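Report on the following structure.
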Amino acid sequence: MAFPEGFLWGGATAANQCEGAYNEGGRGVANVDVMPHGADRQAVGCGTRKMLDFEDGYFYPAQKAIDMYHHYKEDIALFAEMGFKTYRLSIGWTRIFPLGDEAEPNEEGLQFYEDLFRECKKYGIEPLVTITHFDCPIHLIKEYGGWRNRELIDMYKKLVTVLFTRYKGLVKYWLTFNEINMILHMPFMGAGLVFEEGENQIAAKYISAHNELVASAWATKIGHEIDPENKIGCMLAAGSFYPYTCNPKDVREAQVRGQENYFFVDVQSRGYYPNYALKMLEREGVDVGMTEEDKQILAENTVDFISFSYYNTRTVASPDSSAENASGNAFASVKNSYLTYTDWGWPVDPLGFRITINEIYDRYQKPLFVVENGLGAIDEPDENGYVADDYRIDYLRKHIEQMKAAIEEDGVEMLGYTTWGPIDLVSAGTGEMSKRYGFIYVDRDDYGNGTLARSKKKSFFWYKKVIATNGEDLA
Ligand code: BGP
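Just so we're aligned, residue -18 is where the sequence shown starts under this note's numbering, counting upward by one.
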């Protein structure tokens, strides 16, 4: 059998993309709430269009999302019906600390997640908890400048101490920051950064990255101290970088972009800054403010496992190449003529999944956890809400086959696999509902219309079979 006994099959969501109820249960406002649907979303996510409050004339999809806050029992029952062994979800920071800098947590928020975890346990589903999935209290952005301010390390330490203490025995698997490398690509979403006119953006991004890396190491330390059973991982937006051609200039570009990506996990897994990063920061004149204590905390608290999302590889060319640009999960890349593309222009590269898995495993030699993989597509439901989503089944089948080969033939240690968006939810990149990933269809459109009714797609029954046979039957 390729997949080990106890392999954690499941699905992954993020609080802001599914919960809604943004102003209920004492919750405070976060950066992710004020990211509108529509043309300005990109600029807001990148920190170049300042939007720290709800503005007239915009639709904010996170406010209600798919209202999982009120539907979680129904949704977890559906996950259980598929046979989920794990459910990856994230904590809304502002449910626990509405402002971020208060002394005491909000009990209602803590109770909400406790109930949710108990609901999972009822079905034997192991929660996999992302401590922050792109969210940062808006108060910490307005008053402290987001993650560029070291004081956020203390706010985060306080948050994780509360979480590890309260959920001791209920939660064992934790991820510190979702797609930590997203800071470089969507800095408002990844670190609450809004840039001032003329500000050195590279400096702001790397200082914020440093603060998150140190906060992540503190979380690992605190989590292990509170419960030695805790397994704490990092989370990378992964995808190998391919050179556009075998021209050494393209190969070098791919190498540099790969290092830029792995920088984060190099620190979280090895415990120190790699030389290529130190040299780059020196050239850019960036001082991240590393203290002796930071060095020690980073060195002594490396992660237990490496988790990552995989949607596609990234093909890159040297700046003087004439290769055509393409999109793909916020990472600039060029068109790869060997691959097909999704409705949203993201490459589809199942073999690239095996390549990426091997690259990460070779580099760190720690257990891996695939915590996001999936296809965002347009679904056409029939009158009963049923979608014959063979294209989604095909995508997932081909990726699982490659993961299987990586385990069986390459000997990679893998803890589990959670697909992105087992239930349709709001797209992080575009704010759309119509970019659907789910096994479960949700009746809601891009502008907030719909009954929110849930219905099973064809892929629901397919994934159920995959899990029941521990990945043996992918037909
Ligand atoms: C990752 C994020 C998720 C998720 C996914 C799909 O970057 O961790 O939050 O949304 O990408 O992206 P999108 O929603 O833009 O299709």
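Cβ coordinates follow ideal geometry from the N, Cα and C atoms, glycine included.
From a predicted model like this one, the values you see are computed outputs, not experimental measurements.
- Taken in chain order, the whole alpha helix (DSSP H) runs of length 4 or more contained in the stretch 348 to 389 are 371 to 389.
- Here T142 has I203 as same chain residues with Cβ atoms under 6 Å from its own Cβ, once five neighbours each way along the sequence are excluded.
- Here E413 has D427 as same chain residues with Cβ atoms under 6 Å from its own Cβ, once five neighbours each way along the sequence are excluded.
- With 16 or more other CB atoms across the displayed protein chains lying within 10 angstroms of its CB, E100 is buried.
- Here L109 carries a strand assignment [DSSP, helix/strand/coil].
- Secondary structure of R8 (DSSP, three-state): coil.
- Taken atom to atom, the span from the alpha-carbon of M63 to that of F93 is near 24 Å.
- Its chain contains Y154, W155, L156, T157, V284, D285, F286, I287, S288 and F350 as the residues whose beta carbon lies nearer than 8 Å to that of G214, once the 5 sequence neighbours on both sides are disregarded; these appear in chain order.
- Within the DSSP bridge table, the entry for C215 names I287 as partners.
- For A218, the CB falls within less than 7 Å of some heavy atom of the ligand BGP.
- Contact between P86 and I72 does not hold, since their C-beta atoms are separated by about 11 Å, which reaches or exceeds 8 Å.
- The beta strand (DSSP E) runs lying completely inside the stretch 264 to 343 and spanning 3 residues or more are 286 to 291 and 295 to 297, given in chain order.
- With a cutoff of 7 Å, H18 does not count as near the ligand BGP, since its C-beta is closer than that to no heavy atom of the ligand.
- Just measuring C-alpha positions, the residue of N12, P42, R8 and N430 sitting nearest T411 is P42.
- For E132, the closest of E193, L455 and G90 by C-alpha to C-alpha distance is E193.
- M163 is classed as buried because its beta carbon has at least 16 other beta carbons within 10 Å across all chains shown.
- In terms of side-chain proximity, the C-beta atom of G7 is found no nearer than 7 Å to any non-hydrogen atom of the ligand BGP.
- Counting along the chain, G204 sits inside no beta strand (DSSP E); it lies in the alpha helix (DSSP H) bounded by residues Q182 to I207.
- Contact between the stretch 358 to 366 and the stretch 421 to 440 is present: 3 or more CB-CB pairs across the two stretches fall below 8 Å.
- With respect to Y148, A219 sits apart: the two C-beta atoms are not nearer than 8 Å.
- The stretch 297 to 313 and the stretch 224 to 244 touch, with three or more beta-carbon pairs separated by less than 8 Å.
- Collapsing the DSSP output to three states places L133 in a helix.
- Shown here, P403 sits in coil according to DSSP, grouped into three states, outside any helix or strand.
- In this structure, V393 keeps its C-beta atom at 8 Å or more from the C-beta atom of D405.
- Rounded to the nearest angstrom, the gap between the Cα atoms of G452 and Y223 is 29 Å.
- Residue Q240 holds the alpha-carbon nearest to the alpha-carbon of N256 among Q240, I374 and G270.
- Within the chosen limit of 7 Å, the ligand BGP reaches the beta carbon of E353 through at least one heavy atom.
- By the Cβ-count criterion, A280 is exposed, with fewer than 16 other Cβ atoms from all chains shown falling within 10 Å of its own Cβ.
- When beta bridges are read from the DSSP output, W(-10) appears opposite Y398.
- The stretch 382 to 398 makes contact with the stretch 332 to 352: 3 or more CB pairs, one atom from each, lie closer than 8 Å.
- Taking non-hydrogen atoms of the ligand BGP into account, the C-beta of S302 is found less than 7 Å away from none of them.
- Taking C-beta atoms as the reference points, P168 and G333 fail to come closer than 8 Å.
- A distance criterion of 7 Å places the beta-carbon of E160 in contact range of the ligand BGP, judged by its closest non-hydrogen atom.
- Set against 7 Å, the gap from the CB of S290 to the closest heavy atom of the ligand BGP is smaller.
- Sorting K416, G81, H51 and D330 by C-alpha distance to the C-alpha of I122 places G81 at the top.
- Residue state for F60 is assigned as helix, using DSSP reduced to three classes.
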